[in-house]
Each structure stands twice: as structure tokens, then as C-alpha cells.
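Peer 1: In the working numbering, the protein residues as written are 14 to 310.
#1: Indicate whether residue 31 and residue 299 have their beta-carbon atoms separated by less than 8 Å.
#2: What is the C-beta distance between residue 27 and residue 307, in whole angstroms, given that I count them as a contact (C-beta under 8 Å)?
#3: With distances taken Cα to Cα, identify the nearest neighbour of residue 165 among 54, 187, 231, 83.
#4: Could you pull out every residue in the same chain whose Cβ sits closer than 7 Å to the Cβ of residue 76, ignoring the five residues on either side in sequence?
#5: Give the DSSP bridge partners of residue 221, in chain order.
#6: Identify which residue in 182, 220, 232, 297 has its Cα closest to the Cα of residue 272.
#7: Counting beta carbon pairs with one atom in the segment 167-183 and one in the segment 199-209, are three or more of them shorter than 8 Å?
#8: Can you grab the Cα-Cα spacing for the pair residue 191 / residue 228, in whole Å?
#9: Looking only at C-alpha atoms, which of 205, 71, 281 sits nearest to residue 251?
#10: Can at least three beta-carbon pairs, one atom from the segment 255-265 and one from the segment 222-239, be found at a separation below 8 Å?
#11: When you compare the segment 86-102 with the segment 285-300, are there three or more beta-carbon pairs, one atom per stretch, that lie closer than 8 Å?
#12: Closer than 7 Å by C-beta to residue 148: which residues in its own chain qualify, once you throw out the five before and the five after it? Chain order, please.
#13: Nearest by alpha-carbon distance to residue 309: which of 172, 255, 174 is it?
#14: Determine whether the beta carbon atoms of residue 66 and residue 19 lie at a separation below 8 Å.
#15: When DSSP builds the beta bridges, which residues end up paired with residue 194?
#16: Using a Cβ-Cβ cutoff of less than 6 Å, which residues in the same chain neighbour residue 85 once the five nearest sequence positions on both sides are dropped?
#17: Once DSSP output is grouped into helix, strand and coil, what is the label at residue 7?
#18: Return the Cβ separation of residue 63 and residue 71 in integer angstroms, given the expectation that the two are a contact with Cβ distance under 8 Å.
#19: Span of the beta strand (DSSP E) holding residue 103?
#20: For residue 206 and residue 238, what's the separation of their Cα atoms in angstroms?
#21: Who are residue 72's beta bridge partners in DSSP?
#22: Would you say residue 222 and residue 161 are within 8 Å of each other, going by their C-beta atoms?
#23: With DSSP run on the structure shown, which of helix, strand or coil describes residue 134?
#24: How many angstroms separate the CA atom of residue 297 from the CA atom of residue 33?
#25: Taking 8 Å as the threshold (C-beta atoms), are residue 139 and residue 94 in contact?
#26: State the DSSP-derived secondary structure class of residue 177, mapped to helix, strand or coil.
#27: Roughly how many whole angstroms lie between the Cα atoms of residue 43 and residue 14?
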């Protein structure tokens with residue numbers, strides 16, 4: 014069986030190494046997790062390929078977490094609430110699942126192809142890693158940088174535990190539209206030094222959901238040098254390659270605790286792995302493989 018990672022580009026992804034190590038560890042030697050670089054114009058074709066018998070499921074990463082949805086047959090309630098997909102499950106024609114489109118129901122009625130069901134493990138993965146770092150955000154203001162698919166998951170996760178959301182994005186109107194789908198009290202701010210200063214005030218957590226600082230652009234940071242960090246914030250960068258980003262380094266230099274998204278990568282991957290295989294994910298094996306691959310980059 015094959016599992017795929019749909020995204021573009023994928024040259025620095027740790028997911029294939031992480032998942033293949035896990036598959037080997039639990040004895041699924043005939044399974045293989047493969048990177049599938051898919052340019053946006055080829056997304057429909059890639060989604061169609063997943064319907065083949067060789068595939069058991071897939072992960073979805075940037076820039077496809079939202080644009081993949083029209084090519085799927087339905088969404089789980091979690092993915093539907095978030096509005097983004099990072100995991101694709103295949104369900105046989107005889108099974109039932111939530112939120113199937115009329116087209117998928119027609120296929121099932123005719124006993125045809127299995128359906129592709131979109132799910133999201135990002136939100137649960139983020140909360141699991143924040144728990145590992147002993148970060149408590151209930152009833153606290155937090156700041157999210159960016160307004161893409163990953164930001165959607167972060168908003169859903171943090172609102173679910175009672176955090177008060179603030180967001181800074183290059184396109185403020187995009188942030189406002191996103192937040193309006195989740196809350197009437199969440200606030201959007203301009204991507205300016207003044208915007209960062211106002212948004213960050215008294216925040217308990219800052220989450221970078223942008224690609225700024227990701228390999229190969231390792232010297233970039235989303236945080237303006239002239240804007241101070243809030244005094245007691247935990248700074249969480251969803252980027253995991255490089256192992257330390259400019260953002261996490263700057264936060265630590267300011268005396269704050271900070272972490273990259275490696276733990277979230279492992280947690281969201283483990284949750285997807287368990288859905289595909291119906292086996293407990295060997296998280297330690299996955300972490301070791303991801304860290305080894307990261308050292309090689």
C-alpha cells in the first residue's frame with residue numbers, strides 16, 4: 014500500500030522519513046509513504062490518482078490545505094469546522110461517513126470507487142504539543158501570524174480551549190474573513206510594527222503560521238525587530254526546518270520560552286498514521302527519524 018504527501022514544494026519535508034520509519038517499526042513492510050510534489054494546476058489530477066487501489070490515504074500540506082477540498086467527496090466534522098484538510102482517508106463504497114457530497118453518494122449507490130474523506134489532525138497535534146510544553150492559554154489572549162490553512166487549524170484549536178484570538182496577516186481583510194467564520198470577538202491587525210505591538214500586548218502565546226523563516230530562507234523572520242515580544246509569552250513557530258528559526262532564536266534571546274513545530278509535526282502525523290493503519294503510532298520512532306533527517310538537511 015502507498016501513502017502520499019501532496020504539497021509544493023516538498024524537498025525539505027521530514028514526513029516521508031518519519032512515516033516510513035514508523036511503518037517499518039510496526040511491520041508494515043509492504044507500505045510506503047511517498048512525497049508527491051503537486052503544482053496547484055495539477056491538484057485535480059493528483060486527487061484522482063489517490064482513488065487508485067494502491068493508495069491507502071494521504072497527507073496534504075501547503076499550498077493545498079484549502080484548495081484540495083473541492084476534489085474530495087466529503088469532510089469530517091473537524092475538517093469542516095476548520096475549513097482546511099491535512100489528511101485524506103479512503104472509505105470503501107459500503108461504508109458510511111459524514112459530510113459526503115451528492116457525487117460521492119452517487120458513486121456509492123453504484124458500488125463504484127471509494128470516497129476520499131478530508132480530515133484535519135493539525136489542531137489536535139498543536140494542542141498535544143502545547144500540552145507537552147506546559148503552555149496554558151485558557152481565557153488568555155494569543156497572537157497568530159498568518160491567515161492560511163495552518164492558521165485556520167490554530168484558531169480552531171486555541172478557541173476550543175478558551176483562548177482569545179488576535180491575528181496579524183499581510184492581508185488584513187483575509188484575516189478578518191477567516192476570523193469571522195470562527196468568532197465575533199477575535200481581532201485582526203495590520204502587518205506593521207504598530208500592528209504587531211498592539212496585537213502582541215499581554216499575549217500568552219504567539220504562533221507563527223507563515224512560511225517566513227523556512228528553509229532555504231533561514232535568515233528571515235516574521236517578527237519585526239523593532240517590535241518587542243510580550244514579557245511572558247511562549248513563542249511557537251510551526252516551521253520545523255531549520256531546527257531553530259530566527260523567530261525562536263530571537264524569542265529565546267529575549268528570555269522567553271520557544272519551540273519549533275517539530276512536535277506538532279510528529280503529533281499530527283501520528284494521529285493520521287493511526288487512522289490509516291488502525292495501529293498505535295510509534296511516536297518515539299517517528300521523532301528519532303524526523304530529527305535524523307533534519308540533521309542531514
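Idealized CB from N, CA, C, for every residue including glycine.
Peer 2: Taking the coordinates as given:
#1: As a first step, residue 31 must be located in the chain shown, where it is residue number 18. As a first step, residue 299 must be located in the chain shown, where it is residue number 286. Yes.
#2: What you label residue 27 is simply residue 14 of the chain shown in a count that begins at 1. What you label residue 307 is simply residue 294 of the chain shown in a count that begins at 1. Between residue 27 and residue 307, the beta carbon gap of about 6 Å places them in contact (Cβ cut-off 8 Å).
#3: The count along the chain shown starts at 1 and reaches residue 165 at position 152. Nearest C-alpha to residue 165: 187.
#4: For the purposes of this step, residue 76 is taken as the residue at position 63 of the chain shown. The answer, listed in chain order, is 21, 53.
#5: Locating residue 221 in the chain shown gives position 208, counting from the first residue. The partner list for residue 221 (beta bridge, DSSP) reads 158, 250.
#6: Start at 1 with the first residue of the chain shown, and residue 272 comes out as number 259. Closest by alpha carbon: 220.
#7: Here the segment 199-209 makes contact with the segment 167-183; the two share three or more CB pairs at distances below 8 Å.
#8: Your numbering for residue 191 matches position 178 in the chain shown. Your numbering for residue 228 matches position 215 in the chain shown. Roughly 27 Å between the two C-alpha positions.
#9: Locating residue 251 in the chain shown gives position 238, where the first residue counts as 1. With distances taken between Cα atoms, residue 251 lies closest to 281.
#10: Judged by Cβ distances under 8 Å, the segment 255-265 makes contact with the segment 222-239, as three or more pairs qualify.
#11: Yes, the segment 86-102 is in contact with the segment 285-300.
#12: In the chain shown, residue 148 corresponds to position 135, counting from 1. Within the same chain, residue 148 has close Cβ partners 218, 247.
#13: Taking the first residue of the chain shown as position 1, residue 309 is located at position 296. With distances taken between CA atoms, residue 309 lies nearest to 255 out of 172, 255, 174.
#14: On the chain shown, residue 66 is found 53 positions in, with the first residue counted as 1. On the chain shown, residue 19 is found 6 positions in, with the first residue counted as 1. No.
#15: Reading the chain shown from its first residue, position 181 is the one you call residue 194. In the DSSP secondary-structure assignment, residue 194 is not bridged to any residue.
#16: Here residue 85 is taken as the residue at index 72 of the chain shown, counted from 1. The residues are 129, 131.
#17: Residue 7 lies beyond the range of the chain shown here (14 to 310); nothing can be said about it.
#18: To locate residue 63, count along the chain shown from 1; it is residue 50. To locate residue 71, count along the chain shown from 1; it is residue 58. With a contact defined as Cβ atoms closer than 8 Å, residue 63 and residue 71 qualify at about 6 Å.
#19: In the chain shown, counting from the first residue as 1, residue 103 sits at position 90. Note, residue 103: beta strand (DSSP E), 100-104.
#20: Within the chain shown, the letter at position 193 stands for residue 206. Within the chain shown, the letter at position 225 stands for residue 238. In a straight line, the C-alpha of residue 206 is about 9 Å away from that of residue 238.
#21: Taking the chain shown and counting its residues from 1, one reaches residue 72 at position 59. Paired residues: 18, 100.
#22: Here the question's residue 222 lines up with position 209 in the chain shown. Here the question's residue 161 lines up with position 148 in the chain shown. One thing to note: residue 222 has its Cβ within 8 Å of the Cβ of residue 161.
#23: If you number the chain shown from 1, residue 134 lands on position 121. Reduced to three states, the DSSP call for residue 134 is coil.
#24: On the chain shown, position 284 is the one that residue 297 refers to. On the chain shown, position 20 is the one that residue 33 refers to. One Cα belongs to residue 297, the other to residue 33, and the distance between them is close to 13 Å.
#25: For the purposes of this step, residue 94 is identified with residue 81 of the chain shown, where counting begins at 1. For the purposes of this step, residue 139 is identified with residue 126 of the chain shown, where counting begins at 1. Using a Cβ distance threshold of 8 Å, residue 94 and residue 139 do not count as a contacting pair.
#26: The sequence position of residue 177 within the chain shown is 164, counting from 1. Annotated three-state conformation of residue 177 is strand, per DSSP.
#27: Translated into positions along the chain shown, residue 43 becomes position 30. Translated into positions along the chain shown, residue 14 becomes position 1. Cα-Cα distance, rounded: 6 Å.
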